[in-house]
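A.B. asks: Residue numbers (my numbering): 2 to 106.
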Amino acid sequence: MKKKPHPAGERRRETVTMKDLMDAMLKSYNIDRRFDQASLVTKWNKIMGTAIANRTTNLEIRKDVLIITLSSAPLKHELNNSKQKVMDMVNAEFGKRVVNQVLFV
Numbered sequence: 002m003k004k005k006p007h008p009a010g011e012r013r014r015e016t017v018t019m020k021d022l023m024d025a026m027l028k029s030y031n032i033d034r035r036f037d038q039a040s041l042v043t044k045w046n047k048i049m050g051t052a053i054a055n056r057t058t059n060l061e062i063r064k065d066v067l068i069i070t071l072s073s074a075p076l077k078h079e080l081n082n083s084k085q086k087v088m089d090m091v092n093a094e095f096g097k098r099v100v101n102q103v104l105f106v
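(1) Give the secondary structure of Glu61 by DSSP, where H, G and I count as helix, E and B as strand, and everything else as coil.
(2) Kindly list the residues whose CB is nearer than 8 Å to the CB of Leu76, restricted to its own chain and excluding five residues on each side of it in sequence; keep chain order.
(3) Of all the alpha helix (DSSP H) runs that stay within the bounds of the region 64 to 104, which reach a length of 4 or more residues?
(4) Quick one: residues in its chain with C-beta nearer than 6 Å to the C-beta of Lys84, no 5 flanking neighbours on either side, listed in chain order?
(5) Assuming the contact rule is C-beta atoms closer than 8 Å, Trp45 and Leu60 should be a hit. Round their C-beta distance to whole Å, please.
(6) How would you write the range of the alpha helix (DSSP H) that Thr43 sits in, first residue to last?
(7) Report the option in Leu80, Lys20 and Val91 whose CA atom is closest to the CA atom of Ala39.
(8) What's the gap between the Cα of Val99 and the Cα of Thr18?
This is how it looks when you write it as structure tokens:
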């Protein structure tokens, strides 16, 4: 007599990458946005480069707004004129929209 597989225990026939599995799990628990935003801190050096990362004293995300605290006033002024570029670089690193606005403090 053949056993019928349990519907929840059916195997997938196609192969799935670990990244896809992790993304699906994070999305199912509604923490995918928070995970992306938290990993932004670790990727900041790669995204903006060492010079800017060394002068960044704090990164914070509130309601999809990236708040960047810088220790250099001239750098803050320069980056303030490039807000869209910074936002595009951050979102490109993740392959999706993680932040909707950038604020330099």
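A virtual CB, placed ideally from N, CA and C, is assigned to each residue, including glycine.
C.D. replies: Once the coordinates are examined:
(1) For the purposes of this step, residue 61 is taken as residue 60 along the sequence shown, with counting starting at 1. Glu61 falls in the strand class under three-state DSSP.
(2) Locating residue 76 in the sequence shown gives position 75, where the first residue counts as 1. Here the set comprises Ile53 and Arg56.
(3) 74 to 81 and 84 to 95
(4) Locating residue 84 in the sequence shown gives position 83, where the first residue counts as 1. If we look at Lys84 and ignore the five residues flanking it on each side, its Cβ neighbours are Val103.
(5) Numbered from its first residue, the sequence shown carries residue 45 at position 44. Numbered from its first residue, the sequence shown carries residue 60 at position 59. About 6 Å separates the beta carbons of Trp45 and Leu60, which is inside the 8 Å limit, making them a contact pair.
(6) Within the sequence shown, the letter at position 42 stands for residue 43. Element bounds for Thr43: Asp33 to Met49.
(7) By one-based count along the sequence shown, residue 39 stands at place 38. When only C-alpha atoms are compared, the closest one is Val91.
(8) Taking the sequence shown and counting its residues from 1, one reaches residue 99 at position 98. Taking the sequence shown and counting its residues from 1, one reaches residue 18 at position 17. Those two C-alpha atoms are separated by around 22 Å.
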